Structures are given as C-alpha cells and as structure tokens.
Amino acid sequence: MELEERVKTLEQATIMMRDLVISHDERLENFLYALDRERQEREESNKDFNFKLNALIDAQIRNESEIERVKDSIEKLSEASQSQLKRIEKLEDK
Numbered sequence: 001m002e003l004e005e006r007v008k009t010l011e012q013a014t015i016m017m018r019d020l021v022i023s024h025d026e027r028l029e030n031f032l033y034a035l036d037r038e039r040q041e042r043e044e045s046n047k048d049f050n051f052k053l054n055a056l057i058d059a060q061i062r063n064e065s066e067i068e069r070v071k072d073s074i075e076k077l078s079e080a081s082q083s084q085l086k087r088i089e090k091l092e093d094k
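Residues 1 to 94 (the numbering used here) make up the sequence shown, in order.
Encoded structure:
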C-alpha cells in the first residue's frame, strides 16, 4: 500500500509539474508577444517622430529662406523709398 501511495503521489506531482510548465509557457508566450508588440509600437513611434522632425527641419529651412527673401525685398523697398525721398526733396528745392 505504501508503494501505491508513493506512485500516486508521484503521478500527482508529475501532473502538477506538467500543468505548471504549461502555465509558465503560456505566460512566457504572452509576455514575449506583449514585448514584441511594445517594440513594434516604439519603432512606429520613432518613425513618426523622425518624419515629424524632418518635416519641422524642412519647414524651418524654408522659413529661413523666405525670411531672407523678405529681408531682401524690404531692403530694396527701403532703398527705393530713400531714392524717392531724395527725388522729392530735389523737386521741393527747385
């Protein structure tokens, strides 16, 4: 009888170990899936960030170029205005 009890105890322990291994495998699989999903989301987020950063840099470069063009136009307008003022002053002096 003692031997049968020992065998039953071993069988129960084996079944319990099998169940623990299966449960562990399932949890590990879920963890790895979640880890992979998080990695994919981070990669997508990095791609989105890089796209937005490049768009911002491009816009900044275009803005700086436009600002320089406007500065040149203002300078030309200022020169033309000064020229017109001088012409008006000459006409007034006559």
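By construction, the Cβ of each residue, glycine as well, lies at the ideal position given by its N, Cα and C atoms.
Model, not experiment: these values are computed from the prediction.
Cβ neighbours of Lys76 within its own chain (closer than 8 Å, five residues either side excluded): none.
Counting only the Cα atoms, Glu38 lies some 41 Å from Leu10.
Between the C-alpha atoms of Glu26 and Lys8 there is a straight-line separation of about 27 Å.
Here Met17 carries a helix assignment [DSSP, helix/strand/coil]. Note on geometry: alpha-carbon atoms of Ala55 and Glu43 lie some 18 Å from one another. A straight line joining the alpha-carbon of Ile67 with that of Ser81 spans about 20 Å.
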